[in-house]
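The sequence shown finishes on residue 643 if you use full-length UniProt numbering, and the numbering steps up by one all the way, no holes. Built from N, CA and C at the ideal position, the CB exists for glycine as well. The model shown is predicted, which means the values in this text are computed figures rather than measured ones. Working notes for the structure below.
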Amino acid sequence: MFYVIHQLIFEKEGVYLHTNAKRSNQDTTIPGFIRIVERDGEGGEEETKFDPGYEPDWAVISTVKQERRQEHPPVREKGQWGSFSLPLSELYSLRRARFSLGRNFLVLTTRGGDPLPPLHFQRGGARELLKAMQRYIRLAPSPMDGRLFLAYPHDSGALSQSFDELHLFDDTSADLVSRFIQDPYATTFGGFSKVTNFFRGALPHTHQESPLSNRSPQDAHCPHPADEEPGFELITCVKLGPRPQVKRGKPLDNWDQFLDPEGRVIDPQKVKELVFRGGIVPSLRREVWKFLLGFYPWNSTTKEREDILRVKTDEYFRMKVQWKSVSEEQEMRNSLFRGYRSLIERDVNRTDRHNSFFSGNENPGLALLHDVLMTYCMYNFDLGYVQGMSDLLSPLLFVTQNEVESFWCLTGFMDLVHQNFEESQEAMKQQLLQLSVLLRALDPELCDYLDSQDSGSLCFCFRWLLIWFKREFSFEDILSLWEVLWTRLPCENFHLLMASSILESQKEELIGSNHDFNSILKHINELTMKLDLQSILCGAEAIYLQLTHCKELPLKVQEVLGLRVPCSSSDESPNSEPKETDTLLTQSEARGASSCQPFNGQTPQTPDCHRPREGVNECVLCEMERHNGRLIALTMRFHTKRG
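Below you can see the structure in the form of structure tokens.
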């Protein structure tokens, strides 16, 4: 095969290869340089095999075997220079090591499990190399070793191939991936399991991905060896106390007892506690919901609420007139507005049509649903309309039976969940990570099993968190669930405890039936309308009490439960790869030289998710070597002394 360099991405001289030569009992360092190059697969200079005189285990950099693709030969020779190339698709991990002489090295490991010769950057440049790599791969710190970083793909081309090979979708993969990246919500509702592979590459696998995915579930309960450097808090080692029994209470059925003579709510906290314990009787929901969602202040009088309603009504219809007065000609020149209207009209026709309030073709409830959503676009044009918002509005409209009240209740609801619908998806990724933290503390055995089936990212919970379980429970159950969640008791992330409770309730089925990647997705999807809400609520509250009673609760879990304010937060863009790399390296360096593990030549075993699947030569989930038809490769060239 012939290659020609299409573009030089990165180059650094002053890089030394550290190895044991055949003819020497001492370590040998060989000078050279390292590059990241983009190549076309046609034409150019042929690469031939070259034996640099190292031990066999160190000689061949690329571990591509005969049955694998022959598009990237491992080595090349020209005079006194030896060069070898590693496609970034073959990079499994990168480890920062310190040798006895005090020099820092980078040790790269291929997906075949073979460590490459350690590289020493005498003039610096390791940080810059990693920043350049981040354009094509994502580096995530290993939970078992703070100085080990695992490589993951994050390009849509690989995603397309993964979809094709796994046969997960009926759609053509190219169209599906494009639609998902542009609108993950629409694609999610179209097919529940279709989000998983995308988020597998997008999420930092700080907690759920382990370099030793073949650990048995029982290993999770064993103490961490003293000579290993965990790199972060080991949540799996926490021993929780017994989980208390929790029972649901009676619903709030007497509103007047909480009002003073002028109509103020006397004890808002008591009201919230009653709602959290038992919900609200249907006849009181319309009134109490307006307090829970911020339409009315808790300390407002009856007269003040009348004034608020009058002002809010005027404001609503002013915004409604704005979009109603847009002419067809104006709309033709406003693609964003036209797109919002099209999405809303499509979703209104398929939202809760089984409910009598929205059934039928000429139902006035559908017109109200449409108008409120269009008006919300004028209220928050930056966010506009995203699929899923109609699911949030329909219960509000059903309960209030009023256009204006449902609109302002929707704005209050969106104040709580608007980040779920933002284009960056950072809030959704963060919630999935927080759910992973909780589940790791609660049930490491279940976590390890999900990890072993390539489901540790918990992305099958995406829809749960996006619209607060709207598609998982019956319409009546959702009314009861949401009013509980709106109390924000006992913590703002109670919906994550709900998700944990559901997953724990399915543990026996998932592990006992030995569900694999695809069947896990199928099983979770089929839970729709089969879950017992009251049991799940009791389980979620019991989990909260169990965790908060733990005297040595990990800091990360405390943060999720709101028991501790995070020390710092990052507002970085998901595309700020150099900052991300700096953060990873800074965290690693902060552990100090005294705690560094010396390189011992041992390499973590390749996780099951990185191994080729049966009948497939390449690892489907991790294949990422082509970008727009070109090969991205890490090439190294070193001077060799011939005897």
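- With at least 16 other beta carbons inside 10 angstroms of its own, V37 counts as buried.
- Where T110 is concerned, the enclosing beta strand (DSSP E) starts and stops at N104 to T110.
- Nearest to C491 by C-alpha distance, out of F317, V557 and L336, is V557.
- Contact annotation: L368 and L397 have beta-carbon atoms nearer than 7 Å.
- Closest by C-alpha distance to I9, out of G124, P297 and R135, is R135.
- Beta-bridge partners assigned by DSSP to Q7: E38.
- Pairing N518 with I524, the inter-Cα distance amounts to about 10 Å.
- For F121, the enclosing beta strand (DSSP E) stretches over residues L119 to F121.
- Assigned with DSSP and collapsed to three states, P115 falls in strand.
- For the options F291, L563 and L446, the alpha carbon positioned closest to that of T400 is the one of F291.
- Here R96 carries a strand assignment [DSSP, helix/strand/coil].
- In the three-state DSSP reduction, S505 falls in the helix class (H, G or I).
- Residues Y449 of the same chain have their beta carbon placed closer than 6 Å to that of I511, with the five preceding and five following residues left out of the count.
- For the alpha helix (DSSP H) assignment, the uninterrupted runs of no fewer than 4 residues enclosed by the segment 226–312 are, from N- to C-terminal side, 268–278 and 282–292.
- Setting aside the 5 residues that flank it on each side, P244 is surrounded in the same chain by A542 and L545, each with a C-beta closer than 6 Å to its C-beta; the list follows chain order.
- Taking every protein chain shown into account, the CB of Q269 has fewer than 16 other CB atoms within 10 angstroms, so this residue is exposed.
- Beta-bridge analysis with DSSP links L150 to S93 and A140.
- In chain order, E262 and G263 place their CB closer than 8 Å to the CB of K303, counting only its own chain and leaving out the 5 sequence neighbours on each side.
- Between L553 and L547 the beta-carbon gap is near 6 Å, inside 8 Å, which marks them as a contact.
- Look at the beta carbons and you see the segment 279–299 touching the segment 402–412: at least three pairs across the two are nearer than 8 Å.
- Secondary structure at P490: coil, using DSSP grouped into helix, strand and coil.
- The DSSP-derived three-state label of L86 is strand.
- By the Cβ-count criterion, D267 is exposed, with fewer than 16 other Cβ atoms from all chains shown falling within 10 Å of its own Cβ.
- Looking from the CA of D532, the closest CA among I478, I520 and K507 belongs to I478.
- Classified as buried, N420 has 16 or more neighbouring CB atoms from the shown chains inside 10 Å of its CB.
- Remark: fewer than three beta-carbon pairs, one from each stretch, lie closer than 8 Å, so the segment 352–362 and the segment 309–323 are not flagged as touching.
- If you check the CB distance, S85 and A633 come in under 7 Å.
- Distances from the CA of M529 to each of L563, W464 and L496 were compared; the closest alpha carbon is that of W464.
- Exposure of R310 is indicated by the presence of fewer than 16 other C-beta atoms within 10 angstroms of its C-beta.
- Put simply, the segment 437–449 touches the segment 497–509. At least three CB pairs are less than 8 Å apart.
- Remark: C-beta atoms of S93 and L148 approach each other more closely than 7 Å.
- For N525, the uninterrupted alpha helix (DSSP H) run begins and ends at F517 to N525, by DSSP.
- Around S455, the same chain offers F517 and I520 as residues with beta carbons nearer than 7 Å, after the five sequence neighbours per side are excluded.
- The alpha-carbon separation between F105 and H120 amounts to approximately 5 Å.
- Burial check for R285: the Cβ neighbour count within 10 Å reaches 16 or more, so the residue is buried.
- Excluding residues up to 5 positions away in sequence, F337, R338 and R341 lie with their Cβ nearer than 8 Å to the Cβ of E331 in the same chain.
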